[in-house]
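Taking it in order: structure first as structure tokens, then the write-up.
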Amino acid sequence: MLTGVAEIQDGAGPTGRPREYRVEELAEAAGVSVRTVRFYRERKLLQPPRKEGRIAWYGEEHLGRLRLIAELLERGHALGGIAELIGAGESGRGLAELIGLTDALIAPWSDETPVHLGWEQLQAAFGDQLTERNTAESVAQGYITVEDDGITHVSRRLMDATTALVAEGVPLAAVLEVSRRAQEYADATAGLFVALIREQLLGALDHVDELTPAEVARLTEQVRRIRPLARAVNEAQFALAMDRRVRDEVRRLQQP
1 MLTGVAEIQD GAGPTGRPRE YRVEELAEAA GVSVRTVRFY RERKLLQPPR
51 KEGRIAWYGE EHLGRLRLIA ELLERGHALG GIAELIGAGE SGRGLAELIG
101 LTDALIAPWS DETPVHLGWE QLQAAFGDQL TERNTAESVA QGYITVEDDG
151 ITHVSRRLMD ATTALVAEGV PLAAVLEVSR RAQEYADATA GLFVALIREQ
201 LLGALDHVDE LTPAEVARLT EQVRRIRPLA RAVNEAQFAL AMDRRVRDEV
251 RRLQQP
């Protein structure tokens, strides 16, 4: 459960009255700067304070809102998306449900583990194939970042496969060429699945302001069920395609 959502409730001061804060006190309690509080007010992310003369008084609901914003930022939401979620909650839709749907949609699909290799390890694996051109191609494909003491690859599995293919005698440049083309095909396949889900299941998101909390919850569960199905279909299609292509290649080699 979102702690920020749970904390949006009235607190009480020593006198039994709801606790109120000046802007400096609110910022300190929320762990942000006064400038941040004012920025959120300007962006309408924070409710208007109670005015008493020239003094602005903030309550526990403002503190809860600041904590909620901080939590959503930590989850990777942009301020624009946070504003939409908060606006949805204020218009009667369940904020927690909308956040759950957004999280289900943007959660990472890959579970790859990055790996760091020093220059000596890379030299041992690739020898004179560790050229500026091959390194630049790897960077361009988005798989590695170059650092002073070596490189970091986004996927240990892909890195292990690359070094294994080179060890078998396949030139690194050829591996990178196949990698580039495979990435293009993978992007196209991913686009097909995204379009399928968008057009067949998430069309309701074009009218998100009309969704009830129950409908949002149903969509969230659908997205969570479909994610592993898309991966399974893609893996099965690739395996079947390899069967077909290998059989065709073997028949070609056996022809007189």
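Going left to right, the sequence shown walks through residues 1 to 256 as UniProt numbering numbers them. Cβ atoms here follow ideal geometry from the backbone N, Cα and C, with glycine treated the same way.
Please go through the same chain and pick out, in chain order, the residues whose beta-carbon is closer than 7 Å to the beta-carbon of Ser33, but skip the five residues on each side of it.
-> Ala27
Rounded C-alpha distance that separates Ala124 from Thr113 | Distance between the alpha carbons of Ala124 and Thr113: 22 Å.
When you compare each of Lys44, Ala241 and Glu61 to Gly81 by their alpha carbons, which one comes out closest?
-> Lys44
Exposed or buried, which one is Leu72 when buried takes at least 16 other CB atoms within 10 Å?
-> buried
Separation of Ala236 from Val246, as counted between CA atoms = Rounded to the nearest angstrom, the two C-alpha atoms are 15 Å apart.
Could you check which residue in Asp111, Thr145 and Ser110 has the C-alpha nearest to that of Leu117?
-> For Leu117, the closest of Asp111, Thr145 and Ser110 by C-alpha to C-alpha distance is Thr145.
Would you list, in sequence order, the uninterrupted alpha helix (DSSP H) runs of no fewer than 4 residues that lie entirely inside the stretch 161-248?
-> 172-200
Outcome for Ser110 when other beta-carbon atoms lying within 10 angstroms are tallied against a minimum of 16 | exposed
Considering only residues of the same chain and omitting the five flanking positions on each side of Ala83, which have a CB-CB separation below 8 Å?
-> Same-chain partners within the cutoff: Arg43, Lys44 and Leu45.
Pick out whichever of Glu199, Ala174 and Gly203 has its Cα sitting closest to the Cα of Gln129.
-> Closest by alpha carbon: Ala174.
Do you know whose CA, among Glu147, Asp149, Asp148 and Leu176, lies nearest Leu158's CA?
-> Leu176
In the DSSP assignment, what residue or residues form a beta bridge with Val146?
-> DSSP lists Ile151 as partners of Val146.
Beta carbon of Arg65, beta carbon of Gln47: below 8 Å?
-> yes
Terminal residues of the continuous beta strand (DSSP E) containing Glu52?
-> Run containing Glu52: Arg50 to Glu52, per the beta strand (DSSP E) assignment.
Classify Trp57 as helix, strand or coil using the three-state DSSP reduction.
-> strand
Quick one: what's Leu117 bridged to in DSSP?
-> Ile151
Could you please give the first and the last residue of the uninterrupted alpha helix (DSSP H) stretch that includes Val37?
-> Run containing Val37: Val34 to Glu42, per the alpha helix (DSSP H) assignment.
Quick one: measure Cβ to Cβ for Tyr40 and Ile69, integer angstroms, because I've assumed they're closer than 8 Å.
-> 7 Å
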